[in-house]
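Trainee: Can you read through this structure? Questions will come right after.
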Amino acid sequence: MAKEDVLLLDFWVSPFCSRVKIALAEKGVAYQQRGEDIFGGKSELLLKSNPIYQKVPVLLHDGKPMCESTNIVHYIDETWPSPPLLPASAYDRARARFWADFIDKKLFDAGGNIWKTKGEDQAAAKKELIQILKYLEGGLGDKDYFGGDSFGFVDIIAIPLTTWFFAYEKFGNFNVEEECPKFAAWTKRCLGRESVAKTLPDPQQVLEFVSMMRKMHGIE
Amino acid sequence: MEETGGVKLLGFWVSPFAQRVKWALKLKGVQYEYIEEDIYNKSPLLSKLNPVYGMVPVLVHNGKPISESIIILEYIDEVWKQAPLLPQDPYERAQARFWAKFAEEKVRQSVWEAMCSSGEEKQKAVKSAVEAFEEFEKELKRRGTKFFGGETIGFVDIVAGCISYQLAVHEEVGSIKILDSSRFPAISEWIKNFLNHPLINEGLPQKDQMFAYFSKRSKEIASRKMSHKTA
Numbered sequence: 001m002a003k004e005d006v007l008l009l010d011f012w013v014s015p016f017c018s019r020v021k022i023a024l025a026e027k028g029v030a031y032q033q034r035g036e037d038i039f040g041g042k043s044e045l046l047l048k049s050n051p052i053y054q055k056v057p058v059l060l061h062d063g064k065p066m067c068e069s070t071n072i073v074h075y076i077d078e079t080w081p082s083p084p085l086l087p088a089s090a091y092d093r094a095r096a097r098f099w100a101d102f103i104d105k106k107l108f109d110a111g112g113n114i115w116k117t118k119g120e121d122q123a124a125a126k127k128e129l130i131q132i133l134k135y136l137e138g139g140l141g142d143k144d145y146f147g148g149d150s151f152g153f154v155d156i157i158a159i160p161l162t163t164w165f166f167a168y169e170k171f172g173n174f175n176v177e178e179e180c181p182k183f184a185a186w187t188k189r190c191l192g193r194e195s196v197a198k199t200l201p202d203p204q205q206v207l208e209f210v211s212m213m214r215k216m217h218g219i220e
Numbered sequence: 001m002e003e004t005g006g007v008k009l010l011g012f013w014v015s016p017f018a019q020r021v022k023w024a025l026k027l028k029g030v031q032y033e034y035i036e037e038d039i040y041n042k043s044p045l046l047s048k049l050n051p052v053y054g055m056v057p058v059l060v061h062n063g064k065p066i067s068e069s070i071i072i073l074e075y076i077d078e079v080w081k082q083a084p085l086l087p088q089d090p091y092e093r094a095q096a097r098f099w100a101k102f103a104e105e106k107v108r109q110s111v112w113e114a115m116c117s118s119g120e121e122k123q124k125a126v127k128s129a130v131e132a133f134e135e136f137e138k139e140l141k142r143r144g145t146k147f148f149g150g151e152t153i154g155f156v157d158i159v160a161g162c163i164s165y166q167l168a169v170h171e172e173v174g175s176i177k178i179l180d181s182s183r184f185p186a187i188s189e190w191i192k193n194f195l196n197h198p199l200i201n202e203g204l205p206q207k208d209q210m211f212a213y214f215s216k217r218s219k220e221i222a223s224r225k226m227s228h229k230t231a
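Chains as they are written, first to last, in UniProt numbering: chain F, 1 to 220; chain V, 1 to 231.
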């Protein structure tokens with residue numbers, strides 16, 4: 001597969017873009033990456049490839065665009081089947097999709113509510129995030145990864161979001177490891193993987209980005 | 001739920017989400033037992049089968065529960081290969097998943113919000129709904145086929161299909177007008193074709209019962225919003 005066949009429109013701090021990068025790395029797929037200037041001015045290719053949402057990530061394979069990170073990870077798994085990211089049985093696949101959907105619906109927004117608010121609203125947002133992580137701990141059970149022994153689909157969907165936790169902890173004044181030790185252990189386990197470690201941004205840099213966003217939103 | 005084999009569906013008579021699952025099972029000719037849940041008085045069974053959300057629909061197959069309608073559709077499509085819902089090609093599948101999510105989050109959801117809100121919020125919601133319909137209309141026109149998936153009903157048609165029989169009721173309850181057939185000829189034609197299918201039209205809830213139910217729900221949601229505002 002020539003490098004030019006696969007192009008990712010990217011933004012460095014986006015956990016959704018990281019999902020795609022990790023999936024491609026796990027599959028050993030070579031690709032090109034183009035950083036988008038989200039605040040300065042989105043590229044024509046981005047606007048043309050994702051006219052409805054105008055967001056990254058966008059994956060272009062042989063020039064054909066795909067949007068929505070979970071959708072893209074699905075596509076990557078179906079196009080390059082080895083090693084498989086989704087489990088083999090239909091039921092286990094449904095469970096994996098359930099957890100991916102749960103994470104998509106709840107996790108990033110709950111975290112956002114922590115750094116975007118103060119006082120009572122922030123306390124409620126913290127409580128919600130912890131509850132979400134406890135549900136995920138339930139989904140993980142005693143397994144090393146969400147899919148079992150191997151790093152897979154749900155792990156890829158979840159792990160990039162954890163780079164934002166340092167910022168949530170800082171602004172929300174709490175500690176994820178204290179509240180959800182199992183989740184913290186799973187996080188460390190995933191960070192030990194090359195595809196993850198090489199892809200994810202430094203949480204300190206994410207914190208600086210979130211601080212900048214807070215100023216932009218006029219939050220003290 | 002100890003017994004193995006067999007398909008059960010926990011639903012609620014007016015739930016568009018449960019209807020999606022019924023359509024998929026019927027199109028594939030899968031026999032199932034339907035269990036009506038009172039979602040305002042949830043059974044211990046439902047809480048056990050769907051501990052995270054406690055919502056319908058839940059499909060139980062061989063004793064194992066699956067929840068979230070779009071996820072259930074994918075499961076059904078993988079287990080019962082006849083009358084496929086998703087296309088085979090990975091790129092086309094990605095497109096189908098994209099449009100299914102759009103149909104759920106932008107088309108159906110915006111109509112609901114437009115129905116349940118008032119004043120400025122309602123105006124904004126109607127505008128969002130119309131914009132979503134415009135995108136959907138554009139894509140239907142671009143494909144130029146009878147249904148979203150082609151000449152037969154597919155994944156996106158089933159997810160979006162709730163508007164075929166509930167949109168008019170929501171418009172009446174909410175005193176809104178979104179589907180102007182002269183503005184959305186492709187969607188209007190698609191609705192006609194969709195409802196023309198005997199398995200789709202069969203057993204849909206009665207219009208007057210839906211009107212009564214959504215009127216009540218809409219008022220409940222409005223009064224809840226008011227009490228939040230004044231609190």
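For every residue, glycine included, the Cβ atom is placed at its ideal position computed from N, Cα and C.
Since the model is a prediction, treat every value here as computed from it, not as a measurement.
1. Once the 5 residues before and after F/Phe-174 are set aside, which same chain residues still bring their CB inside 7 angstroms of it?
2. Does the Cβ-Cβ distance between V/Val-130 and V/Ile-70 come in under 8 angstroms?
3. With 8 angstroms as the limit, tell me which residues of the UniProt domain "GST N-terminal" (4–84) of chain F have their beta carbon closer than that to any beta carbon of chain V; keep them in chain order.
4. Could you tell me which whole beta strand (DSSP E) segments of length 3 or greater appear in the region 127–163 of chain V?
5. Count the C-beta pairs between the region 106–124 of chain F and the region 61–81 of chain F that are closer than 8 angstroms, then say yes if the count reaches three, no if not.
6. Might you give, ordered along the chain, the residues of its own chain that have their beta carbon closer than 8 angstroms to the beta carbon of V/Leu-9, omitting 5 neighbours on each side?
7. Name, please, each residue of chain F whose Cβ falls closer than 7 angstroms to the Cβ of V/Phe-98.
8. Whole angstroms is fine: what's the gap from V/Gln-95's alpha carbon to F/Glu-68's?
9. Within 8 angstroms (strictly less), CB to CB, does F/Asp-101 reach chain V?
10. For the region 138–150 of chain V and the region 106–116 of chain V, state whether three or more C-beta atom pairs, one from each stretch, are separated by less than 8 angstroms.
11. If you measure beta-carbon to beta-carbon, which residues of the region 143–173 of chain F are closer than 7 angstroms to chain V?
12. Examine the Cβ distances between the region 127–134 of chain F and the region 145–162 of chain F and report whether three or more of them are shorter than 8 angstroms.
13. May I ask which residues mark the beginning and end of the alpha helix (DSSP H) holding F/Pro-181?
14. So, are the CB atoms of F/Trp-186 and F/Pro-15 less than 8 angstroms apart?
15. Could one say the Cβ of V/Ser-118 lies closer than 8 angstroms to chain F's Cβ atoms, at least one of them?
16. Thinking F/Ile-72 and F/Leu-107 are a contact (beta carbons under 8 angstroms), I'd like their distance in whole angstroms, please.
17. Quick one: list the residues of chain V neighbouring F/Arg-97, beta-carbon separation under 7 angstroms, in chain order.
18. Spell out the partners DSSP gives V/Val-58 in its beta bridges.
19. V/Phe-133 and V/Val-107 look like a contact to me (Cβ under 8 angstroms); what is the Cβ gap, rounded to whole Å?
20. Could you tell me whether any Cβ in chain V is nearer than 8 angstroms to the Cβ of F/Ala-124?
21. State the beta-bridge partners of V/Tyr-34 as determined by DSSP.
22. Compare the beta carbon distance of F/Leu-8 and F/Pro-81 with 8 angstroms and say whether it is the shorter of the two.
23. List the residues of chain V that F/Ala-88 touches, going by C-beta distances under 8 angstroms, in chain order.
24. Hey, V/Phe-155 and V/Leu-86: beta-carbon distance below 8 angstroms or not?
25. Please list, in chain order, the chain F residues whose beta carbon lies closer than 7 angstroms to that of V/Glu-68.
26. Starting from V/Lys-192, follow the alpha helix (DSSP H) in both directions and report where the run begins and ends.
27. Using a Cβ-Cβ cut-off of less than 7 angstroms, list which residues of the UniProt domain "GST N-terminal" (5–84) of chain V approach chain F; keep chain order.
28. Provide the residue span of the alpha helix (DSSP H) that contains F/Pro-203, from first to last.
29. Flag F/Ala-94 as yes if its beta-carbon sits less than 8 angstroms from any beta-carbon of chain V, otherwise no.
30. Verify the CB distance criterion: does V/Tyr-91 have a CB-CB separation below 8 angstroms to chain F?
31. Would you grab the beta carbon distance between F/Glu-26 and F/Pro-83 for me? Rounded to a whole angstrom, and I think it's under 8 angstroms.
32. What residues of chain F sit near V/Ala-94, judged by a beta carbon separation below 8 angstroms?
33. Under 7 angstroms Cβ to Cβ from F/Val-206, same chain only, skipping five residues before and after it: list those, please.
34. Would F/Met-216 be called buried (16 or more neighbouring beta carbons within 10 Å of its own) or exposed?
35. Quick one: what's got a C-beta closer than 8 angstroms to V/Glu-151's C-beta in the same chain, skipping five residues either side?
36. For a test of the three-state rule: what should DSSP assign to V/Gly-119, helix, strand or coil?
Mentor: By the coordinates alone:
1. Contacts found: Lys-126.
2. In this structure, V/Val-130 lies away from V/Ile-70, with their beta-carbon atoms at least 8 angstroms apart.
3. Ile-52, His-61, Lys-64, Met-66, Cys-67, Glu-68, Asn-71, Ile-72, His-74, Tyr-75, Glu-78, Thr-79
4. none
5. Touching, no, given that fewer than three Cβ pairs across the two stretches are closer than 8 angstroms.
6. Ala-18, Val-21, Lys-22, Leu-25, Tyr-32, Glu-33, Tyr-34, Ile-35, Pro-57, Val-58, Leu-59, Val-60
7. The contacting residues are Cys-67, Glu-68, Asn-71.
8. Approximately 10 angstroms, taken between the alpha carbons.
9. yes
10. no
11. none
12. no
13. 181–191
14. No Cβ-Cβ contact shorter than 8 angstroms links F/Trp-186 with F/Pro-15.
15. no
16. With a Cβ gap of about 18 angstroms, F/Ile-72 and F/Leu-107 do not count as contacting.
17. Here the neighbours are Ile-71, Glu-74.
18. DSSP lists V/Leu-10, V/Ser-67 as the bridge partner or partners of V/Val-58.
19. The C-beta distance from V/Phe-133 to V/Val-107 rounds to 7 angstroms, short enough to meet the 8 angstroms contact threshold.
20. Under the Cβ distance rule, F/Ala-124 does not count among the residues neighbouring chain V, no pair being separated by less than 8 angstroms.
21. V/Leu-9
22. For F/Leu-8 and F/Pro-81, no; Cβs fall outside 8 angstroms.
23. Near F/Ala-88 there are no residues of chain V at all, since even the closest Cβ is about 11 angstroms away, more than 8 angstroms.
24. yes
25. Simply Phe-98, Asp-101.
26. 185–196
27. Val-52, Lys-64, Ile-66, Ser-67, Glu-68, Ile-71, Glu-74, Tyr-75, Glu-78, Val-79
28. 203–216
29. Answer yes: the Cβ-Cβ gap between F/Ala-94 and chain V drops below 8 angstroms somewhere.
30. At least one chain F Cβ lies under 8 angstroms of V/Tyr-91.
31. 7 angstroms
32. Met-66, Asn-71, Ile-72, His-74, Tyr-75
33. Val-13, Thr-163, Trp-164, Phe-166, Ala-167
34. exposed
35. Thr-145
36. helix
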